[in-house]
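Data block below; observations after.
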Amino acid sequence: MHAFRLLAALVTTLVVVMPASLQAQAQTDGQWSEYDEVFENGASHANVWQWGWTGIYGTSLAVNAYQSSEASDPDDRFDARVGVVKSALAVAGMLTDRQPHPAALAEYERLKASGDLSGVQALGLQLAQAERERRGWGARVSSLVVNGVAGAVIAADGRESDGAINFATGMLVNELQIWSQPNQASSAINRFQPATLSLGPMTIPGEYALNVGPQQLGATWRY
31 MHAFRLLAAL
41 VTTLVVVMPA
51 SLQAQAQTDG
61 QWSEYDEVFE
71 NGASHANVWQ
81 WGWTGIYGTS
91 LAVNAYQSSE
101 ASDPDDRFDA
111 RVGVVKSALA
121 VAGMLTDRQP
131 HPAALAEYER
141 LKASGDLSGV
151 QALGLQLAQA
161 ERERRGWGAR
171 VSSLVVNGVA
181 GAVIAADGRE
191 SDGAINFATG
201 MLVNELQIWS
211 QPNQASSAIN
221 RFQPATLSLG
231 PMTIPGEYAL
241 NVGPQQLGAT
251 WRY
């Protein structure tokens, strides 16, 4: 009888512990799946963005180089020479200022292999910060200078309206370049952010997300 009770207690313990263990494992697997999506999609987007814009500026450089000597109108040849300088600077910028996502993916895979979830969370925060900086006002300074000088040079040639159009067009293209950058990490951080829940002497590290809906505001906590 005693042995039967011991066996029953053991079975009950297994029934209670195993679902909890499976639930914890499912939560961990879900977190890794989310991070897989963030880092892999970010790296893929970054490569398409990098080579896409490099191709656009490279094509512009080739067209302007041709027009600078072959255009029939002197003003068009002058504007094309200005365009050659702008396009060359843009290509150089694309080749030297790489997106951080491919390197972040390599680091993520290393951290994932070691099971370092906290390290992955820190890496995601760093990547999100880099994305925000690449969309900030600092990312517009160089374009403002280059397009401002180009517009001023054309205006000094006696064509103020053409100079203004050149400046506005250049800034518009730069905005498209900035806002087409990958932002997967920033979007993920907006969904879930690391936080610590304090319950008296006990603290529980985890993540929270705000859920905004029509006429309602809620929050989700996971650990």
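Residue numbering for the sequence shown follows our numbering, beginning at 31 and increasing consecutively. Where is the CB? At the ideal position from N, CA and C, for every residue including glycine.
With at least 16 other beta carbons inside 10 angstroms of its own, residue 161 counts as buried. Residue 213 is positioned such that its CB atom lies closer than 9 Å to that of residue 165. CA-to-CA, the gap between residue 168 and residue 233 works out to about 38 Å.
Of the candidates 206, 123, 184, 184 places its Cα closest to the Cα of residue 110.
Residue range 147 to 164 is occupied by the alpha helix (DSSP H) that includes residue 152.
For the pair of segments examined, the stretch 130 to 148 was found not to touch the stretch 188 to 195: the number of CB pairs separated by less than 8 Å stays below three. Around residue 118, the same chain offers 91 as residues with beta carbons nearer than 7 Å, after the five sequence neighbours per side are excluded. Residue 99 sits in a helix when the DSSP states are folded into three classes. Judged by beta-carbon spacing, residue 112 lies beyond the 9 Å limit of residue 84, meaning their Cβ atoms are not closer than that value. With a threshold of 16 other beta carbon atoms within 10 Å, residue 65 meets it and is buried. One Cα belongs to residue 102, the other to residue 108, and the distance between them is close to 11 Å. In this model, residue 133 and residue 115 are separated by some 30 Å (Cα to Cα). The C-beta distance from residue 158 to residue 216 rounds to 5 Å, short enough to meet the 8 Å contact threshold. Taking the CA atoms as reference points, residue 219 sits about 13 Å from residue 61. Spatial neighbours of residue 173 in its own chain (CB-CB distance under 8 Å, excluding positions within 5 residues in sequence) are listed in chain order as 200, 201, 204. Here the C-alpha atom of residue 126 lies approximately 16 Å from the C-alpha atom of residue 211. Residue 153 counts as buried, since no fewer than 16 other beta carbons sit within 10 angstroms of its beta carbon. Secondary structure at residue 107: helix, using DSSP grouped into helix, strand and coil. Cβ-Cβ separation between residue 181 and residue 196: approximately 5 Å, consistent with a contact (criterion under 8 Å). Note that the C-beta distance between residue 129 and residue 76 is below 9 Å. Here residue 132 carries a helix assignment [DSSP, helix/strand/coil].
Here residue 140 carries a helix assignment [DSSP, helix/strand/coil].
Apart from the 5 residues on each side of it in sequence, residue 206 has no Cβ closer than 8 Å to any other Cβ in its chain. For residue 188, the secondary structure class from DSSP, reduced to helix, strand or coil, is coil.
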